[in-house]
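Each protein sequence line maps, in turn, to chains A and B.
Last residue of the first sequence: 147 in the numbering used here, with the numbers rising by one and none dropped.
Last residue of the second sequence: 297 in the numbering used here, with the numbers rising by one and none dropped.
Structure first, commentary second.
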Amino acid sequence: MRTGVMAFLSGAVFAAGLAVSGMTRPQKVIDFLDVAGDWDPSLAFVMMGAIGLNVVLFRFILMRAGSVFGGAFQLPTRKDIDLRLVAGAALFGIGWGLGGYCPGPGLVSLAAGRAPALVFVIAMTVGMVANHFVENALRASGKARLDTGPERP
Amino acid sequence: MSHFTPIPSLIGGAMVGLSASMLLLFNGRVAGISGIFGGLLTRRPSDVGWRVFFLAGLAVGGVLMALIHPAAFPLAPARSAPVIALAGLLVGYGTRLGNGCTSGHGVCGISRMSARSLVATIVFMATGALSVFFVGHVLGGAR
């Protein structure tokens, strides 16, 4: 139950942060990615704020033997840079630039009642389920040496 | 065209970072939205609880922010519905194939100095910029 409360609070702070940062404005995201046009570098400051804080806090948090309520830290363990990682990131980036939504802002905007986000989240869910089926099919056919790892970041 | 907003963006980014640090400190989990949401679609029931609570918090946060600060959620869509649908398919498929999105790779992964996440972030920033360039400057602003 304590992990549920902390997960809920963490989700709420995450949503508020996205709304404050400008990430829930698809046109602003597109303007950030539009380096050849009217470039708006604001979203680089989102990354700086988030990474700047976490580089420090993560270091102290990960000195602990485990988390406060949830047992051992469950962190991704893979180190290899494979085709799946690069191809997946490439497809994600194309979609991010097309719609101006990444998963977090899409979900938060849907909760805020914005219709385009509903279209986005439904399609994103279909894409995720499609990936699941494709990977299962590949695995079943024995072609895949696809290691999905213990946990996805 | 949007205005440069370094201070709100820096503060909002720090809030996202704070959220990720809270989830790691208290629950031992990485705040990667595509992984949390996608895991709900494909994972075992024993692993569902915290994901549901996180997403419920995300939703409540969205509702509250829409009341406090509605301008954060523009009513006018940036793109047409078919383009947004195609974007969603690519984001859903790509984030699962590549094991993460802006939050899991971009925020949490880079903060852990993960080489995989750094590579993923460089790649999705680059293809995102190419995607915007192609739509805006080659197709002439097709929406």
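Think of the CB as a built atom: it goes at the ideal place given N, C-alpha and C, for glycine as much as any other residue.
Alpha-carbon to alpha-carbon, residue j and residue i
i: leucine 243 of chain B; j: lysine 22 of chain A; result: 21 Å
i: serine 36 of chain A; j: proline 160 of chain B; result: 5 Å
i: leucine 178 of chain B; j: alanine 59 of chain A; result: 12 Å
i: alanine 106 of chain A; j: alanine 210 of chain B; result: 13 Å
i: valine 217 of chain B; j: glycine 100 of chain A; result: 13 Å
i: alanine 138 of chain A; j: alanine 84 of chain A; result: Summary for alanine 138 of chain A: the model assigns pLDDT 49, below 50, so the residue's position carries little reliability, and this model does not support an answer.
i: threonine 119 of chain A; j: glycine 65 of chain A; result: 30 Å
i: glycine 193 of chain B; j: alanine 230 of chain B; result: 31 Å
i: alanine 131 of chain A; j: phenylalanine 288 of chain B; result: 33 Å
i: arginine 19 of chain A; j: serine 135 of chain A; result: 42 Å
i: isoleucine 75 of chain A; j: phenylalanine 158 of chain B; result: 34 Å
i: phenylalanine 227 of chain B; j: alanine 109 of chain A; result: 11 Å
i: glycine 93 of chain A; j: tyrosine 247 of chain B; result: 14 Å
i: serine 163 of chain B; j: arginine 133 of chain A; result: 42 Å
i: alanine 283 of chain B; j: glycine 89 of chain A; result: 11 Å
i: serine 61 of chain A; j: valine 50 of chain A; result: 17 Å
i: serine 265 of chain B; j: isoleucine 45 of chain A; result: 5 Å
i: valine 29 of chain A; j: glycine 87 of chain A; result: 14 Å
i: phenylalanine 52 of chain A; j: alanine 174 of chain B; result: 9 Å
i: serine 271 of chain B; j: alanine 280 of chain B; result: 14 Å
i: valine 170 of chain B; j: leucine 293 of chain B; result: 34 Å
i: proline 224 of chain B; j: valine 7 of chain A; result: 17 Å
i: methionine 57 of chain A; j: valine 102 of chain A; result: 32 Å
i: histidine 259 of chain B; j: threonine 249 of chain B; result: 10 Å
i: arginine 78 of chain A; j: tryptophan 204 of chain B; result: 27 Å
i: leucine 240 of chain B; j: methionine -5 of chain A; result: 38 Å
i: leucine 12 of chain A; j: threonine 275 of chain B; result: 18 Å
i: glycine 5 of chain A; j: asparagine 181 of chain B; result: 12 Å
i: phenylalanine 63 of chain A; j: methionine 176 of chain B; result: 11 Å
i: valine 261 of chain B; j: methionine 42 of chain A; result: 9 Å
i: alanine 185 of chain B; j: aspartate 32 of chain A; result: 31 Å
i: glycine 98 of chain A; j: phenylalanine 127 of chain A; result: 23 Å
N- and C-terminal bounds of the alpha helix (DSSP H) containing residue i
i: phenylalanine 63 of chain A; result: Unbroken run through phenylalanine 63 of chain A: none, as it is neither H nor E.
i: glycine 203 of chain B; result: 203 to 222
i: isoleucine 276 of chain B; result: 269 to 287
i: asparagine 48 of chain A; result: 36 to 55
i: proline 228 of chain B; result: Proline 228 of chain B -> no alpha helix (DSSP H), and no H or E assigned at all.
i: phenylalanine 127 of chain A; result: 109 to 134
i: tyrosine 247 of chain B; result: 235 to 251
i: aspartate 25 of chain A; result: 20 to 27
i: serine 188 of chain B; result: 187 to 196
Candidates the options, of which the one nearest residue i by Cα
i: alanine 220 of chain B; options: A:Gly89, A:Phe39, A:Ala10; result: A:Ala10
i: leucine 172 of chain B; options: A:Arg19, A:Met17, A:Gly16, A:Leu3; result: A:Leu3
i: alanine 278 of chain B; options: B:Ser265, B:Leu293, B:Leu251; result: The sequence as given places phenylalanine at residue 278 of chain B; alanine does not occur at that position. Residue B:Leu251 is the option with its Cα nearest to phenylalanine 278 of chain B.
i: phenylalanine 39 of chain A; options: A:Val14, A:Arg(-4), A:Ala81; result: A:Val14
i: arginine 233 of chain B; options: A:Gly31, A:Leu132, A:Val113; result: A:Val113
i: asparagine 141 of chain B; options: A:Ser103, A:Gly89, A:Met42, A:Pro70; result: Residue 141 of chain B cannot be examined here, being either before or after the span of chain B that is shown, 155 to 297.
i: valine 202 of chain B; options: A:Leu77, A:Phe52, A:Gly(-2), A:Asn48; result: A:Gly(-2)
i: methionine 238 of chain B; options: A:Ile55, A:Trp33, A:Ile116; result: Per the sequence presented here, residue 238 of chain B reads as isoleucine, with methionine not at that position. Looking at the Cα atoms, A:Ile116 is the closest of the given residues.
i: isoleucine 187 of chain B; options: A:Ala124, A:Gly31, A:Tyr95, A:Leu56; result: A:Tyr95
i: valine 286 of chain B; options: A:Leu27, A:Val7, A:Met0, A:Lys73; result: A:Leu27
i: valine 80 of chain A; options: B:Val273, B:Gly260, B:Ala225; result: B:Val273
i: leucine 212 of chain B; options: A:Gly31, A:Met0, A:His126; result: A:Met0
i: arginine 183 of chain B; options: A:Gln68, A:Met(-5), A:Phe63, A:Ser103; result: A:Gln68
i: glycine 290 of chain B; options: A:Asp25, A:Met17, A:Met57, A:Leu12; result: A:Asp25
i: valine 123 of chain A; options: B:Met176, B:Ile222, B:Ser200, B:Val245; result: B:Val245
i: aspartate 34 of chain A; options: A:Met17, A:Ile55, A:Gly98; result: A:Met17
i: alanine 114 of chain B; options: A:Glu129, A:Leu47, A:Gly31; result: Shown here, chain B extends from 155 to 297; a query on residue 114 of chain B therefore has no answer.
i: alanine 269 of chain B; options: A:Glu129, A:Gly31, A:Phe54, A:Lys73; result: A:Lys73
i: asparagine 125 of chain A; options: B:Ile190, B:Gly215, B:Leu195, B:Ile165; result: B:Leu195
i: glutamate 129 of chain A; options: A:Gly82, A:Leu104, A:Ile55; result: A:Gly82
i: leucine 104 of chain A; options: B:Ile165, B:Pro236, B:Phe207, B:Gly215; result: B:Gly215
- Task: Return the residues of the region 20 to 43 of chain A that lie within a Cβ-Cβ distance of less than 7 Å from chain B, sorted by chain order.
- Result: Cβ contacts with chain B: Pro20, Gln21, Lys22, Ile24, Asp25, Leu27, Asp28, Val29, Ala30, Gly31, Asp32, Asp34, Pro35, Ser36, Leu37, Phe39, Val40, Met41, Met42, Gly43.
- Item | Residues within the region 231 to 252 of chain B neighbouring chain A, beta-carbon criterion of under 8 Å | Residues passing the 8 Å Cβ filter: Pro231, Ala232, Arg233, Ala235, Val237, Ile238, Ala239, Leu240, Ala241, Gly242, Leu243, Leu244, Val245, Gly246, Tyr247, Gly248, Thr249, Arg250, Leu251, Gly252.
- Query: Along the region 87 to 109 of chain A, what residues have a CB closer than 7 Å to any CB found in chain B?
  - Reply: Taking 7 Å as the Cβ-Cβ cut-off against chain B, the residues of the region 87 to 109 of chain A that qualify are Gly87, Ile88, Gly89, Trp90, Gly91, Leu92, Gly93, Gly94, Tyr95, Cys96, Pro97, Gly98, Leu101, Val102, Ser103, Ala105, Ala106, Gly107, Arg108.
- Item | Residues within the region 257 to 280 of chain B neighbouring chain A, beta-carbon criterion of under 9 Å | Answer in chain order: Ser257, Gly258, His259, Gly260, Val261, Cys262, Gly263, Ile264, Ser265, Arg266, Met267, Ser268, Ala269, Arg270, Ser271, Val273, Ala274, Thr275, Ile276, Val277, Phe278, Met279, Ala280.
- Item | chain A contacts made by the region 159 to 181 of chain B, where a contact means CB separation under 9 Å | Residues of the region 159 to 181 of chain B whose Cβ lies closer than 9 Å to any Cβ of chain A, in chain order: Thr159, Pro160, Ile161, Pro162, Ser163, Leu164, Ile165, Gly166, Gly167, Ala168, Met169, Val170, Gly171, Leu172, Ser173, Ala174, Ser175, Met176, Leu177, Leu178, Leu179, Phe180, Asn181.
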